[in-house]
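Here is the structure we will look at.
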Amino acid sequence: FSLFDEIFNAMAHKQPGYKLFVSAKITEMIALLYDLSSSAVPSAGKYSAYTTEIYDAIHFMRQHLSEHITLENIAGQAHLSPSFFHVVFKNIVGITPHRYLLDLRLNTAKSLLTNSDLSLSVIAEQSGFDSQVYFNYIIKKELGITPKQYRDTHRNKHYL
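Be aware that the sequence shown starts at 903, since it is given in the working numbering, and climbs by one per residue.
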């Protein structure tokens, strides 16, 4: 499993900032376990046979979060047509694939804003937003405050 490899390599090489990196990867692992155990619980409905495909799609979204991802890319990982995938995903997970991906990106951005001194443009890039302008727009729209205000308000006191 690549998360374990990334954590092991970071701890073995102890590059500058490795503790923050390891902490972020552990947080990512916890979030993945939570998602797999609660969000993607198969329903008793007619789509429950596609649970494995949905897990694969969620894993793909997490692994490629910083890249440009389309519904076609995600559906391809599940070996389903985009329209059918959308219906199955929403039925099993409870939200659309777009909303799920946006929530992943927002959670990544919030974690980086809180636990790092990375610039807003780097955080936008690592969180998968196309530009810092779009990143600022989405954070303001979703959280009601700018990324800088979020960082100033939620800064992890243990990080400083």
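Beta carbons are placed, not taken as given, at the ideal position from N, Cα and C, and that holds for glycine.
Quick one: what's got a C-beta closer than 8 Å to residue i's C-beta in the same chain, skipping five residues either side?
| i | result |
| --- | --- |
| Met913 | Tyr920, Val924 |
| Ile1025 | Ala1011, Leu1014, Leu1015, Ser1018, Phe1037, Pro1049 |
| Thr929 | Ser1013 |
Cα-Cα, which of the options is closest to residue i?
| i | options | result |
| --- | --- | --- |
| Phe1031 | Asp1054, Leu1003, Tyr1052, Thr1016 | Leu1003 |
| Ala951 | Asp1005, Leu905, Phe991 | Phe991 |
| Ser968 | Ile932, Tyr1052, Ser1029, Tyr1039 | Ser1029 |
| Phe986 | His1056, Glu1044, Glu955, Glu908 | Glu955 |
Could you tell me the distance, in whole angstroms, from the CA atom of residue i to the CA atom of residue j?
| i | j | result |
| --- | --- | --- |
| His915 | Lys927 | 15 Å |
| Asn1009 | Arg964 | 11 Å |
| Gly996 | Gly947 | 12 Å |
| Leu982 | Asp1054 | 43 Å |
| Gln1051 | Ile1040 | 14 Å |
| His961 | Glu974 | 15 Å |
| Ser1021 | Glu1027 | 10 Å |
| Val989 | Thr953 | 13 Å |
| Pro918 | Asn911 | 13 Å |
| Ala942 | Pro999 | Note that Ala942 scores a pLDDT of 47, beneath 50, so its modelled location is shaky; the value from the coordinates is reported in the next line. If I take the Cα positions, the gap works out to 12 Å. |
| Thr972 | Leu922 | 30 Å |
| Arg1007 | Ala977 | 18 Å |
| Lys1042 | His970 | 21 Å |
| Arg1001 | Leu1045 | 15 Å |
| His966 | Asp907 | 17 Å |
Sorted by chain position, which residues of the same chain lie with C-beta nearer than 7 Å to residue i's C-beta, five sequence neighbours on each side aside?
| i | result |
| --- | --- |
| Met931 | Leu905 |
| Leu934 | Arg964 |
| Ser1023 | Gln1034 |
Assuming residue i and residue j make a contact with CB atoms under 8 Å, what is their CB distance in whole Å?
| i | j | result |
| --- | --- | --- |
| Gln979 | Asp1005 | Gln979 to Asp1005, Cβ: 18 Å. No contact. |
Got a sec? Which residues, its chain only, sit under 6 Å from residue i by beta carbon, not counting five neighbours each side?
| i | result |
| --- | --- |
| Ile909 | Val924, Lys927 |
| His1056 | Thr1016 |
| Pro984 | Leu973, Glu974, Ala977 |
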